[in-house]
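These protein sequences, in sequence, are chains B and G.
For the first sequence, my numbering begins at 85 and goes up steadily by one.
For the second sequence, my numbering begins at 1496 and goes up steadily by one.
Beta carbons: idealized from backbone N, C-alpha and C, even for Gly.
Because the structure is a prediction, the values reported are computed rather than measured.
What follows is a single structure, written as structure tokens, with notes after it.
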Amino acid sequence: MITCEEFFAEFADYLENQVSPEVRQELDLHLSQCRVCHVLYDSSRKTIKIVSESNSFELPQKVFDPIIDRVMSKLRTDRR
Amino acid sequence: MADTVSMGFRGKVGVKQELDPLAVFQEDLGFIPNLLRAQSALPYLIAAQAKLEEALCLRDGAISRIRKERILLSVAADRQDNYCIALGTEVLSSLGEREAQIDSLLSDYRNASLSAPDLGLLEFCLKLSRNGPSVRRQDIEELRVQGFGDETIVEAVAITALALYRCTLSVALGPEPDFKPQSLPPRKVPAPRDGTHAAVGSDGQRNTKGRGPYVAAPYLSPNTFPPFAVVQQTHGFIPNFFRAQTLRPDLLQAELDAVGSILLPEDVLTRVQKESILLVVSAANLNSYCVAVHCNMLRGLGLSAEEADQIAVDHHQSHLSKADMALLDFAVKLGTRFSEFSPEDTAKLQALGFTEEQILESAAVTALNNFANTVQMGLGIEPDFDVPFAFEKSSANPPAAAPTLMPREGIVHLVATFQDADSELVAQAQGGDLEAFEQLVRRHTQLIYRALIAILGDAADAQDAMQDTLLSAFKHIGGFQGRSKFSTWLVSIARNAALQRLRERRNTESLDPMDSENDCNFRPRQIATWQENPEQSHSKAEIRRLVERGLLELAPKYRIVVILRDIEQLSTEDVARQLGLSVPAVKTRLLRGRLMLREWLSPHLTASSKGAA
């Protein structure tokens, strides 16, 4: 079985589902037998899901409307 | 064998007999081929070729030596390369091949006394050497039906690649034949057209993912195969090109040695010049995989994504010097239109001030490129990165009756007419239409804001910078040429506005891609199991607050990558373009950013935590 270090070297691509079937097989086997790497994988996957669905830093319309209005108004004035 | 030999443009050159790599040939062949002697000004090129020859050809492998020599001779005959024909004939003859058999291989291999599997293997190699992009998984399946295993297939592909390596060098260096050329029997097989893509049909590309590689590629650990550890360290990742050949670590080792010897030294040609050669010749060979790799390598060497794309699509429209453009013209002609190549092409470079060593090295880089293109196409190796959109658009559907070289003007035309969803509004805004500009801005408000807050780390600052960004975008929109997506361009404007603000407040934080932080050393520490469904034990607002606080804890260079990739859901390639980074650099930062965020979130979301944010 591969070591944790070897698992970690492939981890970025594994998370992105970008490993070949042969490599995936090795990584899956490691995960099934290593609790630490399993926790790392499970929590990283959940992190990505949570972040993706969080709508973080979404600027509310009531904030961006005035900014855009100000800019457009300046551009229209400059044109005249 | 004479101590000095006439070698085309290199003239009379004294040969250093003490060079070790040459001893390999002396021992195996009983002589040192002039093709190797012709490279004696740069001994590391000889060493690189010697390693390839030793691993691929000079010893029996999955394919016997005599069969390999038949392949080498047949490819040379197909390309009518008189130097390689003379060499191959002599070697085959010394291995006991009958004269009549050699004549058949030279005139029409279909009449040679070959078993059906041997004929099948030879035909596969000839197809690969003539028209690499036309090789399909089906061709590999047919070899398997004839009883060939994956190791044999890898070796056959690599031998074909070696044949093209030799032929490319032979065209460039014009060595004297080692033996008196025999009077060749008339060739009955139709001569191929130049280039490896002469007859690519409309379905002739394998740009889409999910179809390769064609052979088994067992996991090979950097711990047990140290060259992979070196690649991991120097490239930040192990390219699929190498992963696809793990059935044969000995070949891999030789290839990695050759790549290291030929591409890494900087004292003759620069890395940028070499990567540019690899890029333009791969593009001319319509090799999407290698185009993506070398675009990324150039970005890693400091070129902008646009400039790298431009070199791939048409280097004459790039910002390269006139001399470098001529160098690339030389390489493209040598690599893909070899029958037109003449000593005049070399003389042109000499007139521009290139030294003999530089010309020799550019020939070796071109030869190595054709080797790599051939291996990639023969094994159907999947891209590590997205192919630059401009190149993909231009090469995905080459004309059915493709000319010998993709017409550059055709590619330029296709790029010029590339449209993204914003292009109509962009054109109107460029004409001064303020309503069109406002629509564009509203379409991308969140992307701009997120890029700004990622760099500035402060909501009020980001909102102020938003105004600067929009004004700057309108001011400069006339200069947007449509070579990238409009959204990519907008992010670069936002990035500049944010960096300007940082400079104004004398913040030392930097997004400089050259930051020399060792990304590999970060290791996770929190190893408590997470809740099964963290979303169920926290409200959406709680989760969002947690994520935002966690993201603000990250350094900007990690934060922006995570925000663009995971929140804006851009592809890794698009993130790389927007930030002017290479894809491997983005991957490294993304992993580290995600892991640090995971670390920060862990205490709030583990099975034992209570759930309040």
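Give me the Cα-Cα distance between residue i and residue j, rounded to the nearest whole angstrom.
{"i": "G:Gly1974", "j": "G:Glu1835", "result": "39 Å"}
{"i": "G:Val1786", "j": "G:Leu1659", "result": "19 Å"}
{"i": "G:Ala1954", "j": "G:Tyr1714", "result": "46 Å"}
{"i": "B:Leu159", "j": "B:Pro144", "result": "23 Å"}
{"i": "G:Pro2019", "j": "B:Glu89", "result": "12 Å"}
{"i": "G:Pro1642", "j": "G:Leu1985", "result": "In the sequence as displayed, the identity of residue 1642 of chain G is Gly instead of Pro. Distance between the alpha carbons of G:Gly1642 and G:Leu1985 is about 56 Å."}
{"i": "G:Asp1762", "j": "G:Leu1537", "result": "11 Å"}
{"i": "G:Arg1688", "j": "G:Ala1960", "result": "With a pLDDT of only 49 at G:Arg1688, under 50, the local geometry of the prediction cannot be trusted, and no value is derived from it."}
{"i": "G:Ala1542", "j": "G:Leu1638", "result": "33 Å"}
{"i": "G:Val1808", "j": "G:Arg1832", "result": "17 Å"}
{"i": "G:Asp2007", "j": "G:Asp1603", "result": "At G:Asp2007 the pLDDT is 49, less than 50, meaning the model places this residue with poor confidence; the figure from the coordinates comes in the next sentence. Cα-Cα distance, rounded: 59 Å."}
{"i": "G:Val1728", "j": "B:Lys146", "result": "Per the sequence shown, residue 1728 of chain G should be read as Gln rather than Val. The alpha-carbon atoms of G:Gln1728 and B:Lys146 are separated by roughly 48 Å."}
{"i": "G:Asn1892", "j": "B:Asp126", "result": "Its pLDDT being 39, under 50, G:Asn1892 is placed unreliably by the model, and nothing is read from it."}
{"i": "G:Ser1979", "j": "G:Ala1711", "result": "37 Å"}
{"i": "G:Glu1919", "j": "G:Tyr1784", "result": "31 Å"}
{"i": "G:Val1936", "j": "G:Ile1943", "result": "9 Å"}
{"i": "G:Ala1572", "j": "G:Pro1612", "result": "21 Å"}
{"i": "G:Glu1650", "j": "G:Glu1852", "result": "31 Å"}
{"i": "G:Val1907", "j": "G:His1814", "result": "Because G:Val1907 carries a pLDDT of 38, less than 50, the predicted location of this residue cannot be relied on, and the following value inherits that uncertainty. Their backbone Cα atoms lie some 15 Å apart in a straight line."}
{"i": "G:Gly1509", "j": "G:Ser1535", "result": "Interpretation of G:Gly1509 is limited by its pLDDT of 38, a score under 50 that renders its predicted location unreliable; the figure taken from the coordinates is listed afterwards. If I take the Cα positions, the gap works out to 8 Å."}
{"i": "G:Ile1950", "j": "G:Ser1756", "result": "40 Å"}
{"i": "G:Glu1592", "j": "G:Ser1629", "result": "31 Å"}
{"i": "G:Trp2095", "j": "G:Gly2045", "result": "6 Å"}
{"i": "G:Val1519", "j": "G:Ala1989", "result": "58 Å"}
{"i": "G:Asn1780", "j": "G:Ala1667", "result": "18 Å"}
{"i": "G:Ala1821", "j": "G:Leu1758", "result": "20 Å"}
{"i": "B:Glu100", "j": "G:Ala1739", "result": "19 Å"}
{"i": "G:Glu1522", "j": "G:Pro1528", "result": "12 Å"}
{"i": "G:Leu1774", "j": "G:Lys1828", "result": "13 Å"}
{"i": "G:Asp1634", "j": "G:Phe1619", "result": "7 Å"}
Near residue i, what residues of its chain come up, given a Cβ to Cβ distance below 8 Å and the 5 sequence neighbours on each side ignored?
{"i": "G:Leu2047", "result": "Gly1952, Arg2054"}
{"i": "B:Arg154", "result": "none"}
{"i": "G:Leu1657", "result": "Leu1547, Glu1548, Leu1551, Cys1552, Leu1567, Phe1866"}
{"i": "G:Phe1674", "result": "Ala1581, Leu1582, Thr1584, Glu1585"}
{"i": "G:Pro1744", "result": "Leu1715, Phe1720"}
{"i": "G:Gln1941", "result": "Glu2063"}
Please name the residue, chosen from the options, that lies closest to residue i on a Cα-to-Cα basis.
{"i": "G:Phe1526", "options": "G:Ala1826, G:Ser1589, G:Ser1559", "result": "G:Ser1589"}
{"i": "G:Ala2080", "options": "G:Met2091, G:Ser1559, G:Thr2067", "result": "G:Thr2067"}
{"i": "G:Ser1857", "options": "G:Asp1840, G:Val1652, G:Val1870", "result": "G:Asp1840"}
{"i": "B:Asn139", "options": "G:Asp2069, G:Arg2060, G:Leu2086", "result": "G:Arg2060"}
{"i": "B:Val135", "options": "G:Gly2088, G:Glu1802, G:Ser2104", "result": "G:Gly2088"}
{"i": "G:Pro1672", "options": "G:Ala1533, G:Gly1615, G:Leu1847", "result": "G:Ala1533"}
{"i": "G:Arg1998", "options": "G:Asp1956, G:Gly1977, G:Gln1976", "result": "G:Asp1956"}
{"i": "G:Gln1768", "options": "G:Phe1732, G:His1810, G:Glu1801, G:Leu1781", "result": "G:His1810"}
{"i": "G:Glu1646", "options": "G:Ser2103, G:Leu1965, G:Leu2085, G:Leu1874", "result": "G:Leu1874"}
{"i": "B:Thr161", "options": "G:Pro2029, G:Ala1993, G:Ala2036, G:Leu1966", "result": "G:Leu1966"}
{"i": "G:Gly1927", "options": "G:Leu1947, G:Thr1964, G:His1971, G:Gln1962", "result": "G:His1971"}
Given residue i, which residues of its chain have a CB within under 7 Å of its CB, disregarding the five upstream and five downstream residues?
{"i": "G:Ser2077", "result": "Asn1791, Arg1794, Gly1795, Ala2071"}
{"i": "G:Leu1609", "result": "Leu1617"}
{"i": "G:Phe1802", "result": "In the sequence on display, residue 1802 of chain G carries Glu and not Phe. Ser1813, His1814."}
{"i": "G:Ile1876", "result": "Gly1707, Pro1708, Asn1735, Phe1736, Ala1739, Tyr1784"}
{"i": "G:Ser2104", "result": "Pro2098"}
For residue i, which residues in the same chain have their Cβ closer than 6 Å to its Cβ, ignoring the five residues on either side in sequence?
{"i": "G:Ser2097", "result": "Gln2021"}
{"i": "G:Thr2101", "result": "Ala2023, Trp2025"}
{"i": "G:Asp1879", "result": "Pro1734, Asn1735"}
{"i": "G:Tyr1741", "result": "What sits at residue 1741 of chain G in the sequence shown is Thr, not Tyr. The answer, listed in chain order, is Ala1712, Pro1713, Leu1715."}
Can you list the residues of chain G that residue i reaches, using a CB-CB cut of under 9 Å?
{"i": "B:Thr161", "result": "Residues of chain G passing the Cβ test: none, with the nearest at roughly 11 Å."}
Under 8 Å Cβ-Cβ, which residues of chain G neighbour residue i?
{"i": "B:Asp126", "result": "Thr2024, Trp2025"}
{"i": "B:Glu101", "result": "It should be noted that the sequence gives Asn, not Glu, for residue 101 of chain B. Residues of chain G passing the Cβ test: none, with the nearest at roughly 11 Å."}
For residue i, go through chain B and note every residue whose CB falls closer than 9 Å to its CB, in chain order.
{"i": "G:Phe1452", "result": "Absent from the model: residue 1452 of chain G. The displayed extent of chain G is 1496 to 2108, so no value can be given."}
{"i": "G:Ser2077", "result": "Within chain B, no residue comes near G:Ser2077; the closest Cβ sits about 14 Å away, beyond 9 Å."}
Can a CB atom of chain D be found closer than 7 Å to the CB of residue i?
{"i": "G:Leu2059", "result": "In the structure shown, chain D does not exist; the protein chains are B and G."}
Closer than 7 Å by beta-carbon distance: list the chain G residues that pair up with residue i, in chain order.
{"i": "B:Leu143", "result": "Thr1940, Gln1941, Tyr1944"}
{"i": "B:Lys146", "result": "Those do not exist, as B:Lys146 stays about 12 Å from chain G at its closest Cβ, beyond 7 Å."}
Would you mind telling me which residues of chain B sit closer than 8 Å to residue i, beta carbon to beta carbon, in chain order?
{"i": "G:Pro1717", "result": "Glu90, Ala93"}
{"i": "G:Ser2097", "result": "Ser127"}
{"i": "G:Val2042", "result": "Ile134, Val135, Ser138, Ser140"}
Given that residue i touches chain B, what residues does it touch there, using C-beta distances under 7 Å?
{"i": "G:Gln1727", "result": "Ala93"}
{"i": "G:Ile1948", "result": "Phe141"}
Curious, which full-length alpha helix (DSSP H) runs of at least 4 residues does the region 1714 to 1785 of chain G contain?
1721 to 1730, 1735 to 1738, 1744 to 1758, 1766 to 1779
Residue ranges of each beta strand (DSSP E) within the region 2007 to 2079 of chain G, 3 or longer
none
Let me know the alpha helix (DSSP H) ranges lying completely inside the region 1815 to 1853 of chain G, each 4 residues or longer, listed in chain order.
1817 to 1831, 1838 to 1846
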